[in-house]
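Data block below; observations after.
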Amino acid sequence: MVAATVPEHELRILDMRLDADLDAVLRKFQPEMVAVTALTPEVYAARDVLQRVKSFASEIFTVVGGHHATLVPQDFFVPQVDAVAIGDAERMFNRLVAAVTAHRGLETVSDVVWRDHDGEFVCGVRSGSRIDLGRLPLPRRDLTEQYRSEYFFLFDKPDTSVATSRGCPFRCNFCSVHEFHRGAVTQMPPERVLAELATIQTEHITFVDDNFLVNCKRENTIADLIRSGGLRQRYSMECRTDSIVRHPELIEKWVEAGLYAVLLGLEGGSDTMLRNVNKSCSIDTNDEAIRILQDNGVIIWGAFLVDPDWTEDDFKRLGDYVREKKITHTQFTILTPLPGTTLYRQRRDELLTGDYSCFDTLHAVLPTRLPREVFYQHFAGLYRQYDIGPYVDLVRAGKMTVEDCKRGKKMLDAMADWEQYVDKDPVLGRRTSALQMRDERDPASSRV
Ligand code: B12
Ligand code: SF4
12 MVAATVPEHE LRILDMRLDA DLDAVLRKFQ PEMVAVTALT PEVYAARDVL
62 QRVKSFASEI FTVVGGHHAT LVPQDFFVPQ VDAVAIGDAE RMFNRLVAAV
112 TAHRGLETVS DVVWRDHDGE FVCGVRSGSR IDLGRLPLPR RDLTEQYRSE
162 YFFLFDKPDT SVATSRGCPF RCNFCSVHEF HRGAVTQMPP ERVLAELATI
212 QTEHITFVDD NFLVNCKREN TIADLIRSGG LRQRYSMECR TDSIVRHPEL
262 IEKWVEAGLY AVLLGLEGGS DTMLRNVNKS CSIDTNDEAI RILQDNGVII
312 WGAFLVDPDW TEDDFKRLGD YVREKKITHT QFTILTPLPG TTLYRQRRDE
362 LLTGDYSCFD TLHAVLPTRL PREVFYQHFA GLYRQYDIGP YVDLVRAGKM
412 TVEDCKRGKK MLDAMADWEQ YVDKDPVLGR RTSALQMRDE RDPASSRV
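As numbered in this note's numbering, the sequence shown has no gaps in its residue numbers, which increase by one up to the final residue, 459.
Here is the structure:
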């Protein structure tokens, strides 16, 4: 999407999760500018990449953007960074590129923090303009074509992700989405969504909107257009449970259009947990959404939060809930105060580390009530499978193949190995202490 904002330029995308040979691309492509994106656990990786870029050729202009850069730009006030992009690329990237290629100053480019001649970072104006998603150019998927066969969602590979909205009207305290978008929500009109879907080659598509079914009228029209347009793809999406409960008929319609799996933000097995994270939802609503999806044969990928403050009983309660509800696909993440969120503002004094690589939601950066090893044993234990019955049912229903089950089991077995979490734990870990030392030596890197 960032690339689509500068169609007049020649571009390359290097997905370093799949191809780490940065030097080869730099040598071959000889770029004038290098732009990177970074989530919070990727801050050091992003800085390292830009360090390598500057070592290759110091005149290359470097810019970093995305969630972490927007919420904590000062973490990128380091010598290898020339500018930090704030917010969505559509707001500023073409003007930034135009200024850099014309060797102009960046004073007139809004939504950018840049390094001036004295090496000081200067904050530009933050614009309030809304992005018209109806006029968005199509993402440059041609630039990631070589990686497509490796992109997946659940067991579907290759997969293409599609974002049809920005922002979220809710205010969960652990989430940075509403902070990033400063509370605003923007949606892509149905016709533009269809135009994009029609260009996609993979059989499987994932809508990565945080809550795809937030505006029933729009999503109704999209489903109608998919069917009348004769598109025959399979879809998965991310949803809140209350949207499903409000409009169960929409699920039926989407199943006819090709919906087969939903990443469901269940977050917890109790009302207390939902209240603690300000989810604005109840367990009754979650239960009803689970029922609606299961009645429609939709695979639920349940996303749950684990609180570092949990006791053994809390873990047991969640495990029982997952089994009772027959949720076959699960994602457990540890409640983490990501910088820029309400939770961070509330709990920053309790943080055990400033090492961002621990903020991957698989490590407890807050104190745990249980001894830490025991906490990770219970956390990992949530991934242990006791009953293969529900999977057999999915295979019988043609929703999964035996091969999918085998691959899934391998992944779950890996997640159920508790010792791997200890390795990078802020208190017990071996790897963290080395990183923290590196951070302490590097005066430019701010602590959380
Ligand atoms: C799909 C998704 C994933 C996928 C793919 C991630 C990826 N790197 O693309 C997977 C499953 C792998 C994943 C994993 C994780 N994710 Co995730 N994920 C998402 C989700 C739902 C959608 C991302 C997306 O495609 N958005 C659509 C595009 C349009 O938005 P975008 O990527 O932000 O890019 C726009 C702007 O940020 C900006 N921009 C971005 N980069 C750059 C760079 C430059 C130079 C410029 C100019 C602009 C720019 O311009 C873009 C628009 O044009 C978001 C929620 C969200 N709504 O964003 C969470 C989200 C990004 N994930 C999050 C988290 C925490 C994680 C995990 C750490 C843990 C977890 N719970 O899963 C892991 C970490 C992975 C890692 N690599 O370390 C957080 C990030 C918070 C943060 N402070 O970093 C988010 C925001 C969710 C949340 N509720 O807070 N995730
Ligand atoms: S967790 Fe989901 S529902 Fe809650 S604020 Fe974030 S995007 Fe919205």
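Note that beta-carbon positions come from the ideal geometry of N, C-alpha and C, so glycine has one too.
A distance of 8 angstroms or more separates the beta carbons of LEU205 and LEU224. The residue among LEU37, VAL95, ALA31 and GLY145 with its C-alpha nearest the C-alpha of GLU207 is GLY145. CYS227 sits away from LEU270, with the two beta carbons spaced by 8 angstroms or more. Three or more beta-carbon pairs drawn from the segment 74-94 and the segment 340-360 are found closer than 8 angstroms, and the two stretches are therefore classed as touching. The DSSP assignment places complete alpha helix (DSSP H) segments of no fewer than 4 residues inside the segment 331-373 at 353-358, in order along the chain. Secondary structure of CYS227 (DSSP, three-state): helix. A residue is called buried when at least 16 other Cβ atoms come within 10 angstroms of its Cβ; MET411 meets this threshold and is buried.
At the C-beta level, ILE142 and ARG102 come within 8 angstroms of one another. A distance criterion of 7 angstroms places the beta-carbon of LEU439 beyond contact range of the ligand B12, judged by its closest non-hydrogen atom.
Straight-line spacing of the CA atoms in ARG229 and VAL133 works out to 41 angstroms.
Relative to the ligand B12, the nearest heavy atom lies less than 7 angstroms away from the CB of ALA174. VAL136 places its beta carbon 8 angstroms or farther from that of ALA94. For ALA56, same chain residues with a beta-carbon under 8 angstroms away, outside a window of 5 residues either side, are MET27 and ALA49 in chain order. Listed in chain order, the non-local C-beta contacts of THR155 below 6 angstroms within the same chain comprise ILE24, local neighbours out to five positions each way being set aside. DSSP, read as helix, strand or coil, puts ASP428 in coil. Here the alpha carbon of VAL385 sits roughly 39 angstroms from the alpha carbon of ALA174. The DSSP-derived three-state label of PHE67 is helix. Counting along the chain, ARG383 sits inside the alpha helix (DSSP H) bounded by residues 383-392.
Distances taken from the Cβ of ASN297 to the heavy atoms of the ligand SF4 include none shorter than 7 angstroms. Assigned with DSSP and collapsed to three states, VAL136 falls in coil, not helix or strand.
According to the DSSP assignment, MET44 belongs to no alpha helix (DSSP H) but to the beta strand (DSSP E) extending over 44-48. Under DSSP, MET12 forms no beta bridge with any residue. HIS215 sits in a strand when the DSSP states are folded into three classes. Residue environment: VAL413 is assigned as exposed (fewer than 16 neighbouring CB atoms within 10 Å of its CB, all protein chains considered). Closer than 7 angstroms to some heavy atom of the ligand B12: that describes the Cβ of MET12. Put simply, the segment 315-332 does not touch the segment 151-166. Fewer than three CB pairs are less than 8 angstroms apart.
DSSP, read as helix, strand or coil, puts LEU117 in coil. Cβ-Cβ distances below 6 angstroms link PRO180 to VAL196 in the same chain, with the five nearest sequence neighbours on each side left out; the list follows chain order. Contact between the segment 314-325 and the segment 213-224 is not established, with fewer than three Cβ pairs separated by less than 8 angstroms. SER254: member of the alpha helix (DSSP H) spanning 252-257, first to last residue.
Across the structure, LYS264 and GLU202 are spaced so that their CA atoms are roughly 18 angstroms apart. Distance from the Cα of ILE294 is smallest, within the candidate group GLY440, ARG286 and ASP282, for ASP282.
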